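Participant: Numbering (my numbering), first residue to last: 178 to 503. The beta-carbon is built from N, C-alpha and C at its ideal position, and this holds for glycine as well. The structure displayed is predicted, hence computed values, not measured ones.
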């Protein structure tokens, strides 16, 4: 039997992972199931879904889809001339998000460079470096958004003042990214010899968004992506929970930021709920209410991601070898 080429091997076999990762991830998932069952009860958690209106579901799904469309377009713009077909970028983005939500211990991040290598022929190192740049944009926006939300919840200033401060912060971050001296950073040398650190730095700068216009475009897409996703999560959680929207948005921000942690369960179980509940705790200390809101928000995120990923299955995605032979 001939060995499978990289572009023929199932994705799951190309993702690194040790039994301990799956043991810990499965343990967190089971622990969450038992905690909900004993502290709240699954019937109590899932009962509000029966009263959820179709319009609320479609609105949330629409916002969630908009978030993914912005994410897809962001990847396509960032890759530029090295991008595969647009259908391949759609599948790359949706499958990356699905596996990132499904696999424990951040193993799903490996799907991005794996699929980029399969569809565009780039190296794993190049794919990982591009992913780091995208994650930095995510972290910059989410950090600023979370800080503004904390100020709002703390009632430290009037709403109009806070809105003005938020817009000023957004403009300042956009200008900072536009004026980032990439060309000067490219000339910076780390040591006299081509060490691993120097090579890594050179690759990171070479693969950075090259122009000010591109960096601004990517940041705007990042902002729209996260705003629509957080509104979708917060809207669904508000329809299923008595908690106020602003506290649920704080929970959504905390839950999404928790996804950068190296330890989380299968399907993100455990850490997402803990972070969501901690973020939303400003409104109440009732464990049952917080836990139910966190679980339902997480169920929506995972279910919507799964649905969009299934929609991407029929899309044609020629491998890099097939594309270059056309």
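From which residue to which residue does the alpha helix (DSSP H) around residue 380 run?
Facilitator: Within the chain shown, residue 380 is the residue found at index 203, counting from 1. Where residue 380 is concerned, the enclosing alpha helix (DSSP H) stretches over 373–383.
Participant: Taking the straight line between their C-alpha atoms, what separation do you get for residue 342 and residue 218?
Facilitator: Start at 1 with the first residue of the chain shown, and residue 342 comes out as number 165. Start at 1 with the first residue of the chain shown, and residue 218 comes out as number 41. Distance between the alpha carbons of residue 342 and residue 218 is about 42 Å.
Participant: Considering residue 228, what are the terminal residues of the alpha helix (DSSP H) in which it resides?
Facilitator: Translated into positions along the chain shown, residue 228 becomes position 51. Taken as a continuous stretch (DSSP letters only), residue 228 belongs to no alpha helix (DSSP H), as it is neither H nor E.
Participant: Leaving aside the five residues before and after residue 252 along the sequence, list all residues of the same chain whose C-beta is less than 6 Å from its C-beta, in chain order.
Facilitator: Start at 1 with the first residue of the chain shown, and residue 252 comes out as number 75. Counting only Cβ-Cβ distances below 6 Å, and skipping sequence neighbours, we find 266 and 270.
Participant: Going by C-alpha to C-alpha distance, which of 391, 360 and 389 sits closest to residue 383?
Facilitator: Within the chain shown, numbered from 1, the residue matching residue 383 stands at position 206. It is 360.
Participant: Could you round the C-beta distance between residue 354 and residue 392 to whole angstroms and report it? I think they count as a contact, below 8 Å.
Facilitator: Translated into the one-based positions of the chain shown, residue 354 becomes position 177. Translated into the one-based positions of the chain shown, residue 392 becomes position 215. That pair is a contact at about 4 Å.
Participant: Grouping DSSP H, G and I as helix and E and B as strand, with all else coil, what is residue 286?
Facilitator: Walking along the chain shown from the start, residue 286 turns up at place 109. It is helical.
Participant: Using CA coordinates, which residue listed in 483, 377, 480 and 469 is at the minimum distance from residue 210?
Facilitator: Here residue 210 refers to the residue found at position 33 of the chain shown. Taking only the C-alpha atoms, the option nearest residue 210 is 469.
Participant: Between residue 499 and the rest of its own chain, which residues show a CB-CB distance below 7 Å, the 5 nearest in sequence each way excluded?
Facilitator: For the purposes of this step, residue 499 is taken as residue 322 along the chain shown, with counting starting at 1. Low local confidence applies: a pLDDT of 48 at residue 499 is under 50, so the model's placement there is unreliable, with the coordinate-based value given in what follows. Within the same chain, residue 499 has no close Cβ partners at all.
Participant: Consult DSSP for residue 463 and reduce its assignment to one of helix, strand or coil.
Facilitator: Position 286 of the chain shown, counted from the start, is the residue given in the question as residue 463. If DSSP states are grouped into helix, strand and coil, residue 463 belongs with coil.
Participant: Given that a residue counts as buried once 16 or more other Cβ atoms are within 10 Å of its Cβ, and exposed if not, what is residue 335?
Facilitator: Stepping through the chain shown from its first residue, residue 335 is reached at position 158. By the 10 Å Cβ count, residue 335 comes out exposed.
Participant: Determine the direct distance from the alpha carbon of residue 338 to that of residue 487, and round the result to whole angstroms.
Facilitator: In the chain shown, residue 487 corresponds to position 310, counting from 1. In the chain shown, residue 338 corresponds to position 161, counting from 1. Whole-angstrom Cα-Cα distance: 43 Å.
Participant: Looking at C-alpha atoms only, which residue of 315, 321, 328 and 362 is the closest neighbour of residue 348?
Facilitator: Numbered from 1 along the chain shown, position 171 holds the residue referred to as residue 348. Measuring from the Cα of residue 348, the nearest candidate turns out to be 321.
Participant: Who are the Cβ neighbours of residue 504 in its own chain at under 7 Å, not counting the five residues just before and after it?
Facilitator: Any question about residue 504 goes unanswered here, given that the chain covers just 178 to 503.
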